[in-house]
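*Asks:* First the structure, then my questions, so here it is.
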Amino acid sequence: MSVTTLVAIVLVLAAIGYVVGLQRARSVVGGETAQLHSRPGYYGSYVLVWTCLPALLVLAVWAATAPIVIENQVRASFPETVQMQQSPNQQNLSMNMVESIARGLRLLDERERTQATAGFVELRPLLAEKGVALAGNGEDYMIRSALLLNRLTDANRLWRSIAVIGFSLVGLGFALVQIRARLRARNRVEAVIHGALILASTVAILTTIGIVLSMVSETGRFFSSVPPAEFFFGTVWDPRFANAEDPDAAGQFGLIPLLAGTLYIAFVAMLVAVPIGLFAAIYMAEYAGSRFRSLAKPLLEVLAGIPTIVYGFFALITVGPFLRDISAQLAGITTGDFAAFVSATSVLTAGLVMGIMLIPFVSSLSDDIITQVPRAMRDGSLGLGATRSETMRRVILPAALPGVVGALLMTASRAIGETMIVVMAAGVAARLSINPFEPMTTVTVKIVSQLTGDLEFTSPQTLVAFALGLTLFFITLALNVYALYIVRKYREQYE
Amino acid sequence: MTDATLTTGAATQAKAGRRDIGLKARYAAERRFRAYGLAAIIVGLSFLFILLASIVSQGYTAFWQTSILLDVTFDEEIVDPEGTRDTGSMAMLTANYPLLAQRALYDALDIDPDNREATRAADGLVSQGVRTQLRDMVTADPDIIGTTQSVWVLAHGDIDSAQKGQFDLTVEESRRRVSDLQLEYMQQLEQAGALEGRFNTGLFTFGASSRPETAGMGVAIIGSFWMMLIVLVLALPIGVAASIYLEEFAPKNRLTDLIEVNINNLAAVPSIVYGLLGLAVFINFTGLPRSAAIVGGLVLTLMTLPTIIIATRAALKAVPPSIRDAALGVGASRMQTVFHHVLPLAAPGILTGTIIGLATALGETAPLLLIGMVAFVADYPSTPLDPSTALPVQIYMWSGQAERAFVERTSGAIIILLMFLAVMNITAIILRRRFERRW
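Protein chains in written order, with the working numbering: chain A, 295 to 789; chain B, -10 to 428.
Dropping the structure here:
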């Protein structure tokens, strides 16, 4: 039986267990449920838990370990000469071959099978007829191994089904026997739920551990071929992909140009987003009437809900060409030569579009922080005769400054981690430049370009993406932890 | 600014009769400040307007596709020379279907089949996709062999663009993708009522294709649907369970503090890092297939979890303690209190947060690029383990294509994506308005 059918059977048994447990709880007290320790449903749930939990645990462990055990046994059945002489990679190929033969053998009927097991030469055309194509270099021992594999797989399935269903039934019986009026069913069921809740909340931690571990291990492999100093302080990015003519071509993996591009584009984006976002937040908090506010605020936040791919396309199709044409006109007016000095993909294009995306982040975060400044400070200032703008500039903003800085840091971390806009609008040439009208590239663009397409995970050309990712992770993490610390401190100040 | 206020204040002091405190200048500054704020909002909103207007103006035409009405004769000689009517036979599958369409087109345009120049121009009118279209008709109903049917066939992508006026026809003929003869034929067909823009159902149903007229979002929509389903099934229960534990049961200690800080930081991790995680853990370590919706779904689940947890915790926090006290007071256990009273009251807030999290996940592109969803998939994925693409990834792939017709389709696809997002967000807002209670 397949895993899905087994799970289905266990669930059906569990449902039956629930009903039977419920009935039994009622009959134990002769229908007077008030004498039970818990509500009858809990007795049902108690049986349900015992029926499915141990069985599913057994199934999970079994499903995780059995393939490994089987594969080892099949490999052990290879002739000794094969085991001695073949490299691990060759053995893996043989193993794949054995697996496809085993799959093919299942399609044959009895007569064909005896015919086929005579040797690989007879087997191949028979399997080809059934639509299983085999590579030419098979050997006779593989058929024996394939038969063994099929036998083991069948035995595995049989015993797995017996074990899982057995555990399920034993659990059901055990729980049913236990049911009596004094059984504290509710407490036990709740303990299981409690455990499940704890398990769920550790997923967040597991994710972080997964991120850090996976990236650290791959980065370690990268640093074994490229020294960290060359990565962190190198000023040239030129990771040539290994090609057939020049397999030893070692690329240069300098982080500096990528980091410079990332920070430059983020800086331009902040130049656009901060003034607009901050003034929008001030207007919303201080001046806007409630009707204007309830209309403008959600509309502005629509900007935050638009996927970044849409911004990327907007930059690529509309903003980039627009800036290029405008610059050509400007050049024409001033110098008479209509040559565009802004290229279609440039720091300016990417920064401007990213800035638009960040406006609602700045405005809603600052809005929250401005409205948190105690009312008394505002009233005091207004009462002394200050105008509203003076109150804002001299009282509220200085008081809210730490919080606003925190909000801006969070926005900056978003700008640094943004991918699609820069992939489509910033260009791919890694270079150090201070001209915002030329293309530059970022860390995220290079992660994408190193990891899309067909690839093998052994070359530094692909592993470098993990080193870049780790760098990005730590930069954004540092910014966020610091920002959260500031904001939290600021909140405590006014609570 | 303050200095300026003071000096102008001093200058006006002499003119005014009574003691002047620079009120005029201060009010001017006030008005300026206010105007800056208003200007900022107007600039922000106009960006939104320009963005949407540029997408819609480029994309709305994608929903119409130029088609040509042909009276196709399904000649038995060509389709089924052996007369077996066996829909699986090689002869029927590889028959020269384009020839049927070409013949019908020559008839409609009164072209001599031996006139090479004219036939070449006419052949360019019809999409290559006509082969599969006519073949599917025959395999669906072999009885039409030998009869003549009226069929709307897709026009070629360039013809479609020309019909929509997207080509500059003043350009010299040799540098255009549509010849003068073809334009003439198009007019001829249009006057006969045999060429018109019809609603482009293919945009919603076709899979990947290198020809714009037969390229559609079908595979991407199904792939995205699978992923959203996985995210919903995994992220909602795990997220709600985690929030309940943290908000209602967790003791205040180092560990729960760590989890809290962790969740806040995970919400701010760049999405591309989740892509790297998915690549390293789900594909390299666990061995799940590349380009499959299940990997995409798992990655997006991890990405959405922090959002859902934060929203759920806020919703749980908003339920007043008096409700918990009352439940505990009448003898409910803590677990019963949470599941019977607190959770149902927090449900609208949780749902709103979940829908918004799903909407973010639906528009996410970067992590999906890393797990190989940038794939040319022409067939519908039937399970989450089959290769598929996703809506935003499809948009990304199309945006790299040079043809004018693909620009239009990319914008059209963006409109579809934005529609989905709008529906989800509006649902969330309605839910919040309708069911959210304030105590």
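No residue lacks a Cβ here, since even glycine has one placed at the ideal position from N, Cα and C. If you're wondering where the values come from, they're calculated on a predicted model, not measured in any experiment.
Residue 550 (chain A) to residue 724 (chain A), Cα distance in whole Å?
*Replies:* If you take the alpha carbons of residue 550 (chain A) and residue 724 (chain A), they lie about 9 Å apart.
*Asks:* Going by CA-CA distance only, name the one from B:378, B:401 and B:362 that's closest to residue 746 (chain A).
*Replies:* Among B:378, B:401 and B:362, the Cα nearest to that of residue 746 (chain A) belongs to B:362.
*Asks:* Would residue 342 (chain A) pass as an interface residue toward chain B - the criterion being a Cβ-Cβ separation below 8 Å?
*Replies:* It does not; no Cβ of chain B falls within 8 Å.
*Asks:* Whole angstroms is fine: what's the gap from residue 237 (chain B)'s alpha carbon to residue 453 (chain A)'s?
*Replies:* Distance between the alpha carbons of residue 237 (chain B) and residue 453 (chain A) is about 43 Å.
*Asks:* Determine the closest residue to residue 761 (chain A) out of A:401, A:783, A:594 and A:738, with distance taken between C-alpha atoms.
*Replies:* Ranking the options by Cα distance to residue 761 (chain A), first place goes to A:738.
*Asks:* What residues of chain A sit near residue 395 (chain B), judged by a beta carbon separation below 9 Å?
*Replies:* What residue 395 (chain B) touches in chain A: nothing, since even the nearest Cβ is about 11 Å away.
*Asks:* Please report whether the beta-carbon of residue 504 (chain A) lies at a distance below 8 Å from any beta-carbon of chain B.
*Replies:* True, the Cβ-Cβ gap to chain B drops below 8 Å.
*Asks:* Pop quiz: residue 187 (chain B) and residue 56 (chain B) are said to be a contact at Cβ under 8 Å. What is the actual Cβ separation, rounded to whole angstroms?
*Replies:* Going by Cβ atoms, the distance from residue 187 (chain B) to residue 56 (chain B) rounds to 5 Å, so yes, they are a contact pair.
*Asks:* Distance cutoff 8 Å, beta carbons only. Does residue 577 (chain A) sit that close to anything in chain B?
*Replies:* Yes, residue 577 (chain A) lies at the interface with chain B (some Cβ there is under 8 Å from its Cβ).
*Asks:* Which value, in whole angstroms, describes the spacing of the CA atoms of residue 336 (chain A) and residue 248 (chain B)?
*Replies:* If you take the alpha carbons of residue 336 (chain A) and residue 248 (chain B), they lie about 31 Å apart.
*Asks:* Does DSSP put residue 345 (chain B) in a helix, in a strand, or in coil?
*Replies:* Residue 345 (chain B): helix per DSSP, three-state reduction.
*Asks:* So the alpha helix (DSSP H) residue 106 (chain B) belongs to, where does it begin and stop?
*Replies:* From DSSP, the alpha helix (DSSP H) with residue 106 (chain B) extends over 105 to 112.
*Asks:* On the three-state DSSP scale, how would you describe residue 281 (chain B)?
*Replies:* Strand.
*Asks:* Contact check, residue 568 (chain A) vs residue 486 (chain A) under 8 Å by CB: the rounded distance?
*Replies:* Not quite, the Cβ-Cβ distance comes to about 51 Å (not below 8 Å), so this is no contact.
*Asks:* How many angstroms separate the CA atom of residue 406 (chain B) from the CA atom of residue 352 (chain B)?
*Replies:* Whole-angstrom Cα-Cα distance: 8 Å.
*Asks:* Along the chain, where does the alpha helix (DSSP H) containing residue 356 (chain A) start, and where does it finish?
*Replies:* Here the alpha helix (DSSP H) through residue 356 (chain A) covers 334 to 370.
*Asks:* Can you find a CB in chain A that lies within less than 8 Å of the CB of residue 242 (chain B)?
*Replies:* By this cut-off, residue 242 (chain B) is not an interface position.
*Asks:* Check whether the Cβ of residue 354 (chain B) lies closer than 8 Å to any Cβ atom in chain A.
*Replies:* Yes, because at least one Cβ of chain A sits closer than 8 Å to the Cβ of residue 354 (chain B).
*Asks:* What is the DSSP secondary structure of residue 62 (chain B), reduced to helix, strand or coil?
*Replies:* The answer is strand: DSSP assigns residue 62 (chain B) an E or B state.
*Asks:* Considering only residues of the region 510 to 588 of chain A, which uninterrupted alpha helix (DSSP H) runs meet the minimum length of 4 residues and lie entirely inside it, listed in chain order?
*Replies:* Correct list: 522 to 527 and 550 to 576.
*Asks:* If you draw a straight line from the alpha carbon of residue 191 (chain B) to that of residue 651 (chain A), how long is it in whole angstroms?
*Replies:* When rounded, the distance between both Cα atoms is 32 Å.
*Asks:* What runs of the alpha helix (DSSP H), each 4 residues or longer, lie entirely inside the region 145 to 203 of chain B?
*Replies:* The region 145 to 203 of chain B contains these whole alpha helix (DSSP H) runs: 146 to 152, 169 to 180 and 191 to 194.
*Asks:* Checking contacts by CB at 8 Å: is residue 405 (chain A) closer than that to chain B?
*Replies:* No, residue 405 (chain A) lies away from the interface with chain B (no Cβ there is under 8 Å from its Cβ).
*Asks:* Is there a C-beta anywhere in chain E that falls below 8 Å from the one on residue 533 (chain A)?
*Replies:* Considering every chain present, this structure includes no chain E. Its protein chains are A and B.
*Asks:* Going by other Cβ atoms of all chains shown within 10 Å of its Cβ, with 16 needed for buried, is residue 302 (chain A) buried or exposed?
*Replies:* Residue 302 (chain A) is exposed by the Cβ-count criterion.
*Asks:* Mind checking whether residue 29 (chain B) and residue 573 (chain A) have CB atoms under 8 Å apart?
*Replies:* In this structure, residue 573 (chain A) lies closer than 8 Å to residue 29 (chain B) by Cβ.
*Asks:* With distances taken between CB atoms, is the gap from residue 685 (chain A) to residue 675 (chain A) smaller than 8 Å?
*Replies:* Going by C-beta atoms, residue 685 (chain A) is nearer than 8 Å to residue 675 (chain A).
*Asks:* Mind pulling the chain B residues with CB within less than 8 Å of residue 331 (chain A)?
*Replies:* Within chain B, no residue comes near residue 331 (chain A); the closest Cβ sits about 12 Å away, beyond 8 Å.
*Asks:* In the DSSP assignment, what are the bridge partners of residue 629 (chain A)?
*Replies:* According to DSSP, which records beta bridges pairwise, residue 629 (chain A) is partnered with nothing at all.
*Asks:* Using 8 Å for Cβ pairs, my map puts residue 369 (chain B) next to residue 211 (chain B). What's the rounded Cβ distance?
*Replies:* About 6 Å separates the two Cβ atoms, so the contact holds.
*Asks:* Suppose you measure from the CA of residue 408 (chain A) to the CA of residue 316 (chain A); what does that come to, to the nearest Å?
*Replies:* Near 55 Å, if we compare the C-alpha coordinates of residue 316 (chain A) and residue 408 (chain A).
*Asks:* In whole angstroms, give me the CA-to-CA distance for residue 609 (chain A) and residue 298 (chain A).
*Replies:* Cα to Cα, the separation comes out at about 47 Å.
*Asks:* Mind checking if residue 760 (chain A) is an interface residue toward chain B, Cβ cutoff 8 Å exclusive?
*Replies:* Interface residue, yes.
*Asks:* Where do the ends of the beta strand (DSSP E) carrying residue 453 (chain A) lie?
*Replies:* Looking at the DSSP string, residue 453 (chain A) is not in any beta strand (DSSP E); the run it does join, the alpha helix (DSSP H), is 435 to 472.
*Asks:* What first and last residue would you give for the beta strand (DSSP E) that runs through residue 140 (chain B)?
*Replies:* First-last of the beta strand (DSSP E) with residue 140 (chain B): 137 to 143.
*Asks:* Taking C-beta pairs closer than 7 Å, name the residues in chain A that residue 363 (chain B) reaches, listed in chain order.
*Replies:* Per Cβ cutoff of 7 Å: 746.
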